[in-house]
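Enquirer: Protein sequences, first through last, are from chains R and X. For what it's worth, my numbering labels the leading residue of the first sequence as 54, then goes sequentially. For what it's worth, my numbering labels the leading residue of the second sequence as 974, then goes sequentially. The beta carbon of each residue, even a glycine, is placed where N, CA and C say it ideally should be. Take this structure, written in C-alpha cells, and hold onto it; I'll ask about it next.
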Amino acid sequence: DVKVTQSSRYLVKRTGEKVFLECVQDMDHENMFWYRQDPGLGLRLIYFSYDVKMKEKGDIPEGYSVSREKKERFSLILESASTNQTSMYLCASSLQAQPQHFGDGTRLSIL
Amino acid sequence: RKEVEQDPGPFNVPEGATVAFNCTYSNSASQSFFWYRQDCRKEPKLLMSVYSSGNEDGRFTAQLNRASQYISLLIRDSKLSDSATYLCVVTDNTNAGKSTFGDGTTLTVKP
Chain R
54 DVKVTQSSRY LVKRTGEKVF LECVQDMDHE NMFWYRQDPG LGLRLIYFSY
104 DVKMKEKGDI PEGYSVSREK KERFSLILES ASTNQTSMYL CASSLQAQPQ
154 HFGDGTRLSI L
Chain X
974 RKEVEQDPGP FNVPEGATVA FNCTYSNSAS QSFFWYRQDC RKEPKLLMSV
1024 YSSGNEDGRF TAQLNRASQY ISLLIRDSKL SDSATYLCVV TDNTNAGKST
1074 FGDGTTLTVK P
C-alpha cells in the first residue's frame, strides 16, 4: 500500500514566519504534488515535481516555494506566512499516468 | 470556464436509491480519468479509474465519453456510508501526470 506521510496534522504559526511542510512517500513515485483546499474552492495545485530537483508551478504558486532534494521527499515552504495562507494543505504522489495518492493533510492556521 | 466541471449538488437521496454524477472536461488531450471520494475533513481517496469501455466495481459504475468529453459515476443501492463528496479527476499524461480536480459533488444518503 502506498504511504504518503505529511509531517504535521495541525500547525499554528504567526504572520511573517517561514513555514516548512514536509511530505514523504515510500513508493518510489516520480511525481509529487502540493495542493491547498479551501471551502468552496476545491483542490488548487500549488507546485508539482516530476523528478528530483525539478519543480513546476501550479495554479497558485505565489507566496510558496518547494524543494525536492530526494525522490521521496517534497517540501512546501511558505516564505513569509500570511493569514490568507490558512488552509488545509495536501501532498500527493503518483507514477506517470497513474492516480495520485494523498497524505492525511496538514491544517495550517496563520495567526 | 473551469477545466473540469461538476454539479456541486448537494444530492440528498434515500437509502437504496440509484444516483448518477456527471463531469465534463475541456482539455481534449486528457488521457486518464478517475473518481475520488472525499469524506469530511479527510484526504481524497481513489474510488475507481475510468476506462473508455466503461467499468464497474460492485455498486459503482463509471463511464467515459471521449467524443463529448464527459465522465459519469453511477451508484446503485446507495448506503449511508456512501455519503461523501465525489471528485472527478482528469489527467494530462503529457504534463508530468498533472491532474485537474473537479470541485466535487456532495452526496448525502438518508435512512
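Could you check whether the segment 1017 to 1027 of chain X touches the segment 132 to 140 of chain R, counting it as contact only if at least three pairs of C-beta atoms, one from each stretch, sit closer than 8 angstroms?
Expert: Because the criterion of three Cβ pairs below 8 angstroms is not met, the segment 1017 to 1027 of chain X and the segment 132 to 140 of chain R do not touch.
Enquirer: Who are Met80(R)'s beta bridge partners in DSSP?
Expert: According to DSSP, which records beta bridges pairwise, Met80(R) is partnered with nothing at all.
Enquirer: Do Thr1079(X) and Gly982(X) come within 8 angstroms of each other at the CB atom, strictly closer than that value?
Expert: Cβ distance < 8 angstroms, so Gly982(X) and Thr1079(X) count as in contact.
Enquirer: Could you please give me the residues that DSSP links to Arg97(R) through a beta bridge?
Expert: Answer is Arg89(R).
Enquirer: Beta-carbon of Ser1022(X) versus every beta-carbon of chain R: anything under 8 angstroms?
Expert: Taking Cβ atoms only, chain R reaches closer than 8 angstroms to Ser1022(X), which makes this a yes.
Enquirer: I'd like to confirm the pairing. Which residues does DSSP put opposite Ser120(R) in its beta bridges?
Expert: Ser120(R) pairs with Ser128(R).
Enquirer: Leaving out the 5 sequence neighbours to the left and right, which residues in its chain are closer than 8 angstroms to Pro987(X) when beta-carbon positions are compared?
Expert: Same-chain partners within the cutoff: Ser1051, Val1082, Lys1083 and Pro1084.
Enquirer: For Ser1001(X), report the span of its beta strand (DSSP E) as first-last.
Expert: Segment: none, Ser1001(X) is in no beta strand (DSSP E) and carries neither H nor E.
Enquirer: Using a cut-off of 7 angstroms between C-beta atoms, extract the partners of Leu96(R) located in chain X.
Expert: Residues of chain X passing the Cβ test: Phe1074.
Enquirer: Of all the options Val72(R), Phe155(R), Ser118(R) and Ile163(R), which has the alpha carbon lying nearest to the alpha carbon of Tyr1009(X)?
Expert: It is Phe155(R) whose Cα lies nearest to the Cα of Tyr1009(X).
Enquirer: In three-state terms, what does DSSP make of Asn995(X)?
Expert: Three-state result, Asn995(X): strand.
Enquirer: What does the Cβ neighbour count give for Gln1004(X), buried or exposed, with the cut at 16 atoms within 10 Å?
Expert: That one is exposed.
Enquirer: Which first and last residues belong to the beta strand (DSSP E) in which Ile163(R) is found?
Expert: From DSSP, the beta strand (DSSP E) with Ile163(R) extends over Thr159 to Ile163.
Enquirer: Pick helix, strand or coil for Asp1030(X), following the three-state DSSP scheme.
Expert: It is a strand residue.
Enquirer: Beta-carbon separation of Ala145(R) and Val72(R) under 8 angstroms?
Expert: For Ala145(R) and Val72(R), no; Cβs fall outside 8 angstroms.
Enquirer: Regarding Glu115(R) and the ligand ADP, is the C-beta to nearest heavy atom distance less than 7 angstroms?
Expert: This structure lacks the ligand ADP; in fact it carries no ligand of any kind.
Enquirer: What is the C-beta distance between Asn1000(X) and Val1063(X), in whole angstroms, given that I count them as a contact (C-beta under 8 angstroms)?
Expert: Contact flag correct, Cβ pair sits at about 7 angstroms.
Enquirer: Can you confirm whether Glu1016(X), when its beta carbon is compared against all beta carbons of chain R, has any partner nearer than 8 angstroms?
Expert: Yes, Glu1016(X) lies at the interface with chain R (some Cβ there is under 8 angstroms from its Cβ).
Enquirer: Counting along the chain, where does the beta strand (DSSP E) carrying Val105(R) start and finish?
Expert: No beta strand (DSSP E) holds Val105(R); DSSP gives it neither H nor E.
Enquirer: Ser147(R) CB to nearest chain X CB: under 8 angstroms?
Expert: Yes, its Cβ sits closer than 8 angstroms to a Cβ of chain X.
Enquirer: Of the residues that make up the segment 120 to 144 of chain R, which ones have a beta carbon closer than 7 angstroms to any beta carbon in chain X?
Expert: Within the segment 120 to 144 of chain R, the qualifying residues are Leu143.
Enquirer: Do Leu1020(X) and Phe1033(X) have their CB atoms nearer than 8 angstroms?
Expert: Their beta carbons are under 8 angstroms apart, which means Leu1020(X) touches Phe1033(X) by this criterion.
Enquirer: Drop a sphere of 10 angstroms on the beta-carbon of Thr136(R), count the other beta-carbons inside from all chains shown, and report buried for 16 or more, exposed for fewer.
Expert: Result: exposed.
Enquirer: Going by beta-carbon coordinates alone, are Leu148(R) and Arg67(R) separated by less than 8 angstroms?
Expert: Not a contact, by the Cβ cut-off of 8 angstroms.
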